[in-house]
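Numbering (my numbering), first residue to last: 51 to 148.
Every residue, glycine too, gets a C-beta built ideally from N, C-alpha and C.
Keep in mind the model is a prediction, meaning the values are calculated, not measured.
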Ligand code: SF4
Ligand code: SF4
């Protein structure tokens with residue numbers, strides 16, 4: 051999944067660099083390597099790779115990250131696991147193996 055693009059220029063991900071303490075937790079939890087920490091500040095290096103899973107925002111202790119989670123393909127994967135009702139068409143369209 052590394053280096054993959056979710057959808058271009060649609061993610062709701064926002065980073066408030068002023069609040070960031072540089073702890074690095076967002077780089078640890080993000081499955082798509084969207085962030086790097088340089089000089090004790092997080093920076094978004096691949097915005098379009100964000101799939102809006104919400105892990106970074108949930109794990110940022112100072113609230114420096116905002117993302118409207120639960121609407122992206124991560125949510126679709128979870129729904130598929132839970133209910134088995136998501137069409138394979140969408141997964142193929144997003145480039146995931148079905
Ligand atoms: S988790 Fe929050 S405080 Fe820590 S590096 Fe990321 S944005 Fe900064
Ligand atoms: S919402 Fe998920 S994919 Fe997007 S930057 Fe945060 S951890 Fe990474």
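Tell me whether the beta-carbon of residue i lies closer than 8 Å to the beta-carbon of residue j.
i: residue 72; j: residue 87; result: yes
i: residue 102; j: residue 62; result: yes
i: residue 69; j: residue 107; result: no
Among the residues of its own chain, which have a CB less than 6 Å from the CB of residue i, if the five just before and after it don't count?
i: residue 16; result: In the structure as shown, the chain starts at 51 and stops at 148, and residue 16 therefore has no counterpart that could be examined.
i: residue 91; result: 67, 70 and 72
According to the neighbour-count rule (16 or more other Cβ atoms, all chains shown, within 10 Å of its Cβ), is residue i buried or exposed?
i: residue 100; result: buried
i: residue 112; result: exposed
i: residue 60; result: exposed
Tell me which residues share the same chain as residue i and place their Cβ nearer than 7 Å to its Cβ, disregarding the 5 neighbours each side in the sequence.
i: residue 80; result: 105 and 106
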